[in-house]
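Residue numbers (the numbering used here): 6 to 986. For reference, the structure discussed in these notes is given below.
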């Protein structure tokens with residue numbers, strides 16, 4: 006089966022702030038500031054490290070990066086991965102889960118070596134520019150698959166990636182090449198995020214599976230003993246020990262501590278190192294860590310002593326950083342991870358300033374630290390490489406922080422709590438350091454094994470600043486929630502800081518957090534109203550994780566509870582019932598239970614109407630939401646006319662709200678117009694649909710320019726719909742318009758917005774992005790740019806994973822309507838749309854509004870509608886001023902004069918002479934302008950109007966004004982008399 010790339014190689018290059026990165030055959034996804042969200046690089050076997058360098062520090066031999074110890078002890082797990090890789094599915098994703106030190110990275114490396122040997126291409130993904138392993142200078146990042154047998158992508162620390170970034174990675178076109186077997190191996194400690202990742206992969210028909218690394222089996226000659234012997238022999242060879250047969254495990258390997266691969270390796274390393282040094286190794290597993298960390302301290306002290314004695318250091322250079330300063334720097338590096346040199350200088354300076362103050366140049370400290378803990382590649386532009394393996398760094402943090410029980414073996418540092426606060430400042434502005442996600446993640450992982458870290462440091466820190474758990478990001482929150490002894494009060498404080506809206510990054514963790522809190526919330530109160538609130542919160546959390554059936558059940562329970570308390574105390578709880586019914590309408594709709602959704606929506610509207618009639622100021626806006634939701638489910642149920650009625654009522658309410666508070670409700674009005682545009686198009690009212698969609702764009706983009714939160718999704722939808730309507734509108738509607746330019750502008754902006762949005766949630770939004778690209782391609786073609794149109798279509802194909810099945814079959818209206826009634830409802834909606842848009846752009850929409858206003862005027866002997874006539878006059882006046890066609894402007898001016906005359910007549914008959922004379926004077930003034938433009942055509946009409954005005958002025962006793970009007974009429978009349986004679 007061939008994996009030949011279907012198109013010529015293309016290179017995508019990004020450079021920012023000295024960071025440059027290029028790939029061939031793959032995508033680069035970048036932050037807004039231009040730095041990559043992740044980096045893809047070809048997998049390479051670990052290079053052979055310098056034995057002298059390894060011997061300097063025992064911990065270097067433990068790093069999975071160097072792969073010192075041959076792969077042993079996980080043969081069954083590797084065979085399972087081999088079977089997965091060899092499966093028939095084109096795309097398969099596996100979540101390989103196990104605690105730190107369990108051997109995930111070593112197992113993945115063994116799978117990678119096996120895949121390369123079988124002719125597969127293996128790529129690794131690294132999250133964030135701070136963790137980039139720079140490619141070798143002589144190697145380009147060529148991701149073309151050519152004739153390889155398959156593709157394996159390995160993602161370490163997958164549970165540390167924010168969900169949007171991980172799903173963005175999954176959308177990379179590298180993984181979606183037709184006929185190429187592709188496997189994605191995600192390495193993680195926890196599983197909180199995996200259900201959400203699985204859900205995002207359903208759209209690409211990926212096979213998903215989970216593999217949990219269990220603890221290594223014990224036994225006298227089992228995998229633990231086998232792994233110990235392999236590690237012991239390797240470490241002994243590194244230390245030039247002729248025979249290691251006499252080196253025995255320092256303690257029994259059957260204990261629970263030795264279920265981890267890393268623990269076995271540590272026991273072997275400590276045993277060999279103690280044997281070489283002629284020391285007695287610790288016999289308690291808990292002291293293996295202190296032994297290794299004390300060796301780190303000894304190394305720092307030895308280097309510093311060598312420098313003080315002016316003897317060459319073991320690294321071949323002088324060393325001046327005191328061990329006390331190096332201890333602080335290693336502590337900081339464990340929390341910050343690799344950072345840019347400028348940031349590293351600031352970190353080291355802060356560490357030195359913590360009491361007791363240490364005076365040592367920050368530049369020299371960083372240089373010495375890099376010599377002791379060098380980056381994996383010389384070209385890597387970062388400092389503060391952390392202690393490895395991660396589990397050792399986590400234990401180092403715990404043993405450095407005061408409060409542990411191993412003070413005699415490894416004394417803690419009094420400065421460490423202050424240093425922790427320095428690196429995680431709790432400012433009133435809630436700004437966090439860029440390393441906050443890593444710092445909180447490592448603290449939480451350390452706290453899982455060291456109780457004093459939880460009780461004396463982490464929990465007090467979060468009680469002072471619960472927002473830090475959210476500011477550090479979803480993965481850090483997930484690691485924190487793995488701790489099972491967080492008290493409910495702290496959990497509730499953290500929950501209160503979560504975003505109130507849906508969030509791809511936090512939704513999986515919100516569900517875990519809320520589910521832990523629900524029993525405490527329910528047990529803490531016997532108030533049914535409080536229980537209803539709890540079920541509402543639970544339903545929202547479950548919805549965010551895609552657990553829709555459970556969310557629906559929680560919402561139903563909330564409705565039942567609110568019904569009970571609202572019956573007993575309507576004033577206090579009716580609003581809560583209305584909210585619960587709104588939620589039930591949405592929950593049932595998500596499950597395609599349209600009858601239930603319509604019933605809940607109808608009840609919600611009824612309750613909201615009652616509340617709004619009693620307290621409009623508080624409840625009109627929620628009524629708008631209820632009506633909008635109800636209109637949506639009515640339309641989906643085929644009850645279009647009822648949906649339009651709900652839309653109309655909602656629109657009237659929103660317009661009043663906008664008049665009172667434009668900034669607060671313009672976006673709501675924009676959403677109303679967006680929905681109306683869809684409904685009007687379904688009703689075949691093309692011009693009104695176009696106007697409504699244009700209104701939505703204008704309102705939603707106005708919101709974009711304000712300081713309020715931006716809702717780019719609706720705006721991009723409105724722009725795409727507007728472009729589509731412009732491109733498909735009837736030929737007669739295109740005459741005299743700039744439809745091509747408007748369509749191209751709208752579609753280009755939709756593509757720009759969706760390009761940003763798809764980065765955050767590719768699987769949910771990829772098809773939306775592809776659709777906007779297709780509309781943009783049509784606009785480019787209409788504008789005479791076929792090459793650009795083909796490019797847009799090619800990009801659309803790259804982001805489209807195929808046609809998605811409709812969420813529900815096309816509906817068939819099941820409610821009979823009287824045709825005249827239906828027409829009247831649609832006419833009323835059209836009138837509202839054009840009224841709004843004529844106020845915005847009278848030149849474009851006034852001509853659409855006028856015929857509809859004329860149709861609305863009373864007929865026969867019906868009483869006159871003077872306000873409607875005045876509205877007609879306002880539109881005519883706008884057209885007379887702004888119509889781009891001069892001949893059309895004259896026609897609108899003539900009609901304006903006639904309308905003003907009609908208004909004057911109606912006011913006169915209504916017994917309102919002063920207003921009637923004012924309207925007549927405006928009509929005369931309008932005719933004066935016409936006569937000035939074309940005397941031969943309009944002077945006679947002006948004379949007649951002046952005589953009528955004079956007669957009415959005389960009737961009300963304005964004799965002087967009447968004589969002036971008659972004199973003006975004679976002046977305009979005499980030229981005609983002269984020519985006649």
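Don't be surprised by glycine CBs; every beta carbon is placed ideally from N, CA and C. Note that the coordinates shown come from a computational prediction; the quantities given were computed from them, not determined experimentally.
With residue i as the anchor, note down where its alpha helix (DSSP H) starts and where it stops.
i, result
"residue 555", "553 to 573"
"residue 845", "824 to 845"
"residue 43", "No alpha helix (DSSP H) contains residue 43, which is instead part of the beta strand (DSSP E) from 43 to 47."
"residue 132", "Note, residue 132: premise wrong, no alpha helix (DSSP H); beta strand (DSSP E) at 126 to 132."
"residue 877", "871 to 887"
"residue 420", "First-last for residue 420: undefined, no H or E at that position."
"residue 175", "168 to 175"
"residue 90", "80 to 90"
"residue 646", "645 to 665"
"residue 107", "Element bounds for residue 107: n/a, residue is neither H nor E."
"residue 4", "Lying before the first or after the last residue shown, residue 4 is absent from the chain, which here runs from 6 to 986."
"residue 277", "266 to 282"
"residue 717", "717 to 733"
"residue 743", "Note, residue 743: premise wrong, no alpha helix (DSSP H); not H, not E."
"residue 251", "Element bounds for residue 251: n/a, residue is neither H nor E."
"residue 58", "56 to 61"
"residue 401", "395 to 405"
"residue 291", "Run containing residue 291: none; DSSP gives neither H nor E here."
"residue 369", "367 to 377"
If you follow the beta strand (DSSP E) that residue i is part of, which residue opens it and which one closes it?
i, result
"residue 160", "156 to 160"
"residue 987", "The first residue shown for the chain is 6 and the last is 986, placing residue 987 beyond what the model contains."
"residue 97", "96 to 102"
Contact check, residue i vs residue j under 8 Å by CB: the rounded distance?
i, j, result
"residue 703", "residue 693", "That pair is no contact at about 16 Å."
"residue 717", "residue 758", "5 Å"
"residue 125", "residue 148", "Not a contact, Cβ separation roughly 13 Å."
"residue 352", "residue 337", "5 Å"
"residue 166", "residue 100", "With a Cβ gap of about 12 Å, residue 166 and residue 100 do not count as contacting."
"residue 533", "residue 69", "Between residue 69 and residue 533 the Cβ distance is about 54 Å, and since that is not below 8 Å, they are no contact."
"residue 98", "residue 213", "5 Å"
"residue 617", "residue 628", "5 Å"
"residue 278", "residue 465", "Their Cβ separation, rounded to whole angstroms, is 37 Å, which puts residue 278 and residue 465 out of contact at 8 Å."
With a 10 Å radius around its C-beta and 16 neighbouring C-beta atoms as the bar for buried, classify residue i as buried or exposed.
i, result
"residue 260", "exposed"
"residue 437", "buried"
"residue 590", "buried"
"residue 931", "buried"
"residue 652", "buried"
"residue 305", "buried"
"residue 968", "exposed"
"residue 362", "exposed"
"residue 935", "buried"
"residue 364", "exposed"
"residue 657", "exposed"
"residue 413", "exposed"
"residue 347", "exposed"
"residue 4", "Only positions 6 to 986 of the chain appear in the structure, and residue 4 is not among them; the question remains open."
"residue 594", "buried"
For the ligand GTP, is there a heavy atom less than 6 Å away from the beta-carbon of residue i?
i, result
"residue 119", "In terms of ligand content, the structure shown is empty, and the ligand GTP therefore cannot be addressed."
Run through the DSSP bridge pairs and tell me what residue i is partnered with.
i, result
"residue 388", "344"
Taking the runs of the beta strand (DSSP E) that are 3 residues or longer, which of them lie wholly in the segment 178 to 227? 187 to 193 and 212 to 217
Where are the alpha helix (DSSP H) runs, 4 residues long or more, that stay fully inside the segment 900 to 950, in chain order? 918 to 938
Quick one: complete beta strand (DSSP E) runs, 3+ long, within the segment 441 to 480? none
Sequence ranges, alpha helix (DSSP H) only - wholly within the segment 561 to 642, length at least 4: 575 to 595, 599 to 619 and 621 to 641
What are the complete alpha helix (DSSP H) segments, minimum 4 residues, inside the segment 469 to 544? 472 to 476, 479 to 486, 493 to 500 and 512 to 528
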